[in-house]
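Notes follow once the structure below has been shown.
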Amino acid sequence: MTDSVFLVVDSDAADLAAFASALTSRYASEYEVRTAVTASEAHATLTALSVPGITVAMLIVSRDLGDADLLLLLQRARELFPSARRVLSARYLDPSAFDFITGAMRTGRIDYFLYKPCEPVVTRLYPVVDDLLGGLRPTRQERGFEAIRIIGEQWSPRSHQLRDILERTTVPFGFYDSESEEGRRMLAQAGVDGLRLPVLSFYSGAVLVDPTNEQTAAALGARTTPEPGLYDVAIVGAGPAGLAASVYAASEGLRTVLLDPETIGGQAGTSSRIENYLGFPRGISGGELAHRAFEQAQRFGVSVVFTKAATRLRADGMRIIATLSDGAEIESRTVVIATGVAYRRLDVPSLERFAGAGVFYGAAMSEAPTCTGEEVLIVGAGNSAGQAAIHLARFASRVTMVVRGQSLAASMSDYLIRQIGALSNIDVRLGTWVVDGHGDRRLEAVTVERADGKREKLCAAGLFVLVGGTPHTQWLAGTIEMDAKGYILTGRDLLRSGHPPSGWRLEREPFLLETSMPGVFAVGDARCRSVKRVASAVGEGATAIQLVHEYLRAA
1 MTDSVFLVVD
11 SDAADLAAFA
21 SALTSRYASE
31 YEVRTAVTAS
41 EAHATLTALS
51 VPGITVAMLI
61 VSRDLGDADL
71 LLLLQRAREL
81 FPSARRVLSA
91 RYLDPSAFDF
101 ITGAMRTGRI
111 DYFLYKPCEP
121 VVTRLYPVVD
131 DLLGGLRPTR
141 QERGFEAIRI
151 IGEQWSPRSH
161 QLRDILERTT
171 VPFGFYDSES
181 EEGRRMLAQA
191 GVDGLRLPVL
201 SFYSGAVLVD
211 PTNEQTAAAL
221 GARTTPEPGL
231 YDVAIVGAGP
241 AGLAASVYAA
251 SEGLRTVLLD
261 PETIGGQAGT
271 SSRIENYLGF
281 PRGISGGELA
291 HRAFEQAQRF
301 GVSVVFTKAA
311 TRLRADGMRI
321 IATLSDGAEI
331 ESRTVVIATG
341 VAYRRLDVPS
351 LERFAGAGVF
361 YGAAMSEAPT
371 CTGEEVLIVG
381 AGNSAGQAAI
391 HLARFASRVT
401 MVVRGQSLAA
411 SMSDYLIRQI
421 GALSNIDVRL
431 GTWVVDGHGD
441 RRLEAVTVER
451 ADGKREKLCA
461 AGLFVLVGGT
471 PHTQWLAGTI
481 EMDAKGYILT
491 GRDLLRSGHP
501 PSGWRLEREP
511 FLLETSMPGV
521 FAVGDARCRS
531 VKRVASAVGE
541 GATAIQLVHE
551 YLRAA
């Protein structure tokens, strides 16, 4: 038996045989295909498979089972194998199927659907299965190829930071606790004593002891210093807006450099699943979306520089000079600022010592498997918080959402609210906030307070904070005009009594996304009045490049 299983449940013998044959033909090297004819047989199979080392990667269940049996089976599959993809198969022209599928998808009971017969399978079955498998993330028991093995302390903030960076860059890696038998064995194999952690052991045989981000990036083959020469456009920030700008700029012949101090994706890159992005009916993780955009940028020749932050901008004639954190400088004819925002930290001093050791600012996708069977809390009421809750519910025994307001509807999309409401292991506590944190080496519990003043201590192996936003614009103070909260002013927001800002040297008014420094544009969440959605950020990134062309034509 292989470690991963497909389970197909269908009362029609011909349909069952067709699915089994097609799946075995393509996936037999990685997955064992099991079948069941009845719901009771499927329940028994799931129970038998729920042993250490075995996982059900996908359940394909027929609509023919009937509503009651179908819903119970889907629920049981989620309880036993929370990371399994659940797919409904239905017959074409079944009048009852559409409403059932719509309701099941809106509430998160199924991940997608198939109409049968799925022929030809190369266009109607395999693409769906491939897409859904691409969104799977291994648990601690499921290990595949690992390009890098991290050996470190489980609750070390630095271990968390490295896991998070590698997760967001889609590098296949494994984490091993340095205090475990396996971790000690790997340290011995790497020839290190473990006094300095974490240790990175590469598939190539290279070993890095307590490396910097720059050393890690260099070992992965990433560029950490810019190429010399004049660029047409320098883009600061590799979230959705910056990636979109880089793709459009380079594809239109502009010499382009993209900078980010960490990795690709920005806040969106930590999202477990984006379901309302146009063109992805089965949803897509933020990391996968960012990775695809990054591949496009590379294909068009974008020079991407990691581990370097921009620290200053200045105009030098018709050129703009960006100073980097290591003192190096980049010369460019234009600049696009896409630095995004950071989640706001909670004003709870006792939580600060647990940052990266149980307290995580952002969705921290890499930490989800470590929460298996644990109780976790999420602070926030936006789409990112909702997506994180649904994802963590696949692993944690209980997810509690701590929401200061009196409703999710004001800040969260309806489809997420419905999915949260359908999950029995997610609690939503309205009118509540965190006031204290407890633990020794790691977070173990938090105290929450309600609007009536009553307090309660809750067990918490993890606290994920996804509230508010602080723009990454401090480095622009005194250079670019911003509002009182640090968001960059652009276009008509710069006008005072119909006139451009002081120091504006051009006869025309600033372009739509142009800042108070001619030739410098701002896009995405760091821009004042921006719409905080991935699609909007991508649109702004593309629009900025059209404005860059206009600026360069007039220069």
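Residue 1 is where the sequence shown starts when you use our numbering, and the numbers rise one by one after that. Note that beta-carbon positions come from the ideal geometry of N, C-alpha and C, so glycine has one too.
Please classify residue 401: does DSSP put it in a helix, a strand, or coil?
strand
Just the C-alpha distance for residue 133 and residue 287, rounded to the nearest angstrom, thanks.
14 Å
Say whether the stretch 348–364 touches the stretch 330–339, bearing in mind that this needs 3 or more beta-carbon pairs closer than 8 Å, one atom from each stretch.
no
Quick check on this structure: which residue in 24, 500, 3, 63 has the alpha carbon closest to the alpha carbon of residue 53?
3
I'd like to know whether the C-beta atoms of residue 379 and residue 466 end up nearer to each other than 8 Å.
yes
Taking the CB atoms as reference points, tell me whether residue 411 and residue 439 lie closer together than 8 Å.
no
Counting Cβ pairs closer than 8 Å, one from the stretch 310–326 and one from the stretch 470–490, do we hit at least three?
yes
I'd like to confirm the pairing. Which residues does DSSP put opposite residue 471 in its beta bridges?
341
Please go through the same chain and pick out, in chain order, the residues whose beta-carbon is closer than 8 Å to the beta-carbon of residue 320, but skip the five residues on each side of it.
234, 313, 314, 331, 332, 333, 334, 335, 517, 519, 520
Assign residue 193 to buried or exposed, taking buried as 16 or more other Cβ atoms, counted over all protein chains shown, within 10 Å of its Cβ.
Per the 10 Å Cβ criterion, exposed.
Can you give me the Cβ contacts of residue 427 inside the same chain, cut-off strictly under 6 Å, excluding the 5 residues immediately before and after it?
400
Just to confirm, is the Cβ distance from residue 7 to residue 36 under 8 Å?
Yes, the pair counts as a contact, with Cβ atoms nearer than the cut-off.
Ignore the nearest five residues each way along the sequence and tell me which others in residue 596's own chain have a CB closer than 6 Å to its CB.
One cannot answer for residue 596 here, as it falls past the ends of the chain, which runs 1 to 555.
Is the CB-CB distance between residue 579 and residue 102 below 8 Å?
Past the edges of the chain, shown from 1 to 555, lies residue 579, and the structure says nothing about it.
Measure how close the beta-carbons of residue 71 and residue 109 come, nearest whole angstrom, since I'm counting them as under 8 Å.
7 Å
When the distance is taken between beta carbons, is residue 89 closer than 8 Å to residue 116?
Taking 8 Å as the Cβ cut-off, residue 116 and residue 89 qualify as a contacting pair.
Output the distance between the C-alpha atoms of residue 216 and residue 208, rounded to the nearest integer angstrom.
8 Å
Looking at the structure shown, is residue 377 part of a helix, part of a strand, or coil, going by DSSP?
It is a strand residue.
By how many angstroms is the C-alpha of residue 236 removed from the C-alpha of residue 10?
52 Å
Thinking just about the alpha-carbon of each residue, which of 555, 87, 18 is nearest to the one in residue 317?
555
Just verifying my parser: in three-state terms, what is the DSSP assignment at residue 282?
coil
Report the residue ranges of all beta strand (DSSP E) runs contained in full by the stretch 163–243; include only those spanning at least 3 residues, in chain order.
Counting only runs of 3 or more residues that sit fully inside the stretch 163–243, the beta strand (DSSP E) segments are 173–177, 199–202, 207–209, 230–236, in chain order.
For residue 253, count neighbouring C-beta atoms within 10 Å of its own C-beta (all shown protein chains included) and say buried if the count is 16 or more, exposed if not.
With fewer than 16 other Cβ atoms within 10 Å, it is exposed.
Does the beta-carbon of residue 204 have 16 or more other beta-carbons within 10 angstroms, so that it is buried, or is it exposed?
exposed
Quick check: the stretch 488–495 against the stretch 300–310, are there 3 or more CB pairs under 8 Å?
no
Can you give me the C-alpha to C-alpha distance between residue 418 and residue 107, rounded to a whole angstrom?
5 Å
Whole angstroms is fine: what's the gap from residue 415's alpha carbon to residue 85's?
18 Å
I need the straight-line Cα distance from residue 387 to residue 273, nearest angstrom please.
7 Å
Would DSSP call residue 263 helix, strand or coil?
coil
Since residue 268 and residue 531 should fall inside the 8 Å C-beta cutoff, what is the C-beta to C-beta distance between them, to a whole number of angstroms?
Rounded, the Cβ-Cβ distance is 13 Å, inconsistent with contact.
Could I get the ranges of all uninterrupted beta strand (DSSP E) runs contained in the stretch 500–539, with 3 residues as the minimum, in chain order?
520–522
What did DSSP end up calling residue 554 once you bin it into helix, strand or coil?
helix
Here's the rule: buried if 16 or more other CB atoms are within 10 angstroms of the residue's CB, otherwise exposed. What is residue 484?
The residue is exposed, with fewer than 16 neighbouring Cβ atoms inside 10 Å.
How would you label residue 548, buried or exposed, when you count the other beta carbons within 10 angstroms and need 16 or more for buried?
By the C-beta density criterion, residue 548 is buried, having at least 16 other C-beta atoms within 10 angstroms.
By Cβ distance, which residues of its chain are closer than 6 Å to residue 486, with the 5 residues on each side in sequence left out?
For residue 486, where only same-chain residues beyond five positions count, the Cβ hits under 6 Å are 471, 473.
Measure how close the beta-carbons of residue 394 and residue 180 come, nearest whole angstrom, since I'm counting them as under 8 Å.
Going by Cβ atoms, the distance from residue 394 to residue 180 rounds to 24 Å, so no, they are not a contact pair.
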